[in-house]
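Throughout the sequence shown, residue numbering follows our numbering, covering 37 to 167 in sequence. Just below is one structure, and these are the notes that go with it.
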Amino acid sequence: MNQAMKSDAIPDAVQRFVLTSIPSVPFLEALLLLQGTPALRWDAAGLARRLYLSERASATLLEELHAAGFVGCDAPGVYYYAPRSGDIRELIENVKVVYAKNLVGISNLIHAKTNRKALQFADAFKLRKDS
Numbered sequence: 037m038n039q040a041m042k043s044d045a046i047p048d049a050v051q052r053f054v055l056t057s058i059p060s061v062p063f064l065e066a067l068l069l070l071q072g073t074p075a076l077r078w079d080a081a082g083l084a085r086r087l088y089l090s091e092r093a094s095a096t097l098l099e100e101l102h103a104a105g106f107v108g109c110d111a112p113g114v115y116y117y118a119p120r121s122g123d124i125r126e127l128i129e130n131v132k133v134v135y136a137k138n139l140v141g142i143s144n145l146i147h148a149k150t151n152r153k154a155l156q157f158a159d160a161f162k163l164r165k166d167s
């Protein structure tokens, strides 16, 4: 394996975290935006402007981040970066570093997970020859 391949490798802990905790690229982008601005408070409108999403999609992302334990909520619709543990905070920092170096690899990992779920869902509806 050449040096470029080694530097682009995704550490196991980061892979596990992405596969178990990051449902989409916009979710990751929102998480990393809030992580990078820990003193700021975010609402759907502000997040929508920064990520070029609708306010509805941004509100959903913020609610999902809160439910996952990655952000806190000051008031209805107002969120801030606040992972539920130091371990999670460290994992998010590691994801940020790897994502900066290997955006395509992390994105592919997220999409591969989504594609597997879609295939599993579709497979559930396939007709069997014996039925």
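Beta carbons are placed, not taken as given, at the ideal position from N, Cα and C, and that holds for glycine.
Contact check for V61 against I146 passes: the beta carbons are separated by less than 8 Å. When the Cα atoms are used, V134 and L55 turn out to be separated by approximately 14 Å.
Residue F106 holds the alpha-carbon nearest to the alpha-carbon of L64 among R85, A80 and F106.
In this structure, the alpha-carbon of L101 lies about 23 Å from that of N138. When secondary structure is reduced to three states using DSSP, Y88 falls in the coil class, being assigned neither helix nor strand. The residue from Y115, V140, A95 and A84 with its alpha-carbon nearest to that of P74 is Y115.
Note on the segment 113–143: whole alpha helix (DSSP H) runs with a minimum of 4 residues are 122–137, in chain order. Pairing A81 with E91 gives a Cβ-Cβ distance under 8 Å. The three-state secondary structure of G108, taken from DSSP, is strand. In this structure, L69 sits near R86, with a CB-CB distance shorter than 8 Å. Rounded to whole angstroms, I46 and G141 show a C-alpha spacing of 8 Å.
Sequence-distant Cβ neighbours of A95 in its own chain, meaning closer than 6 Å and more than five residues away, are A80.
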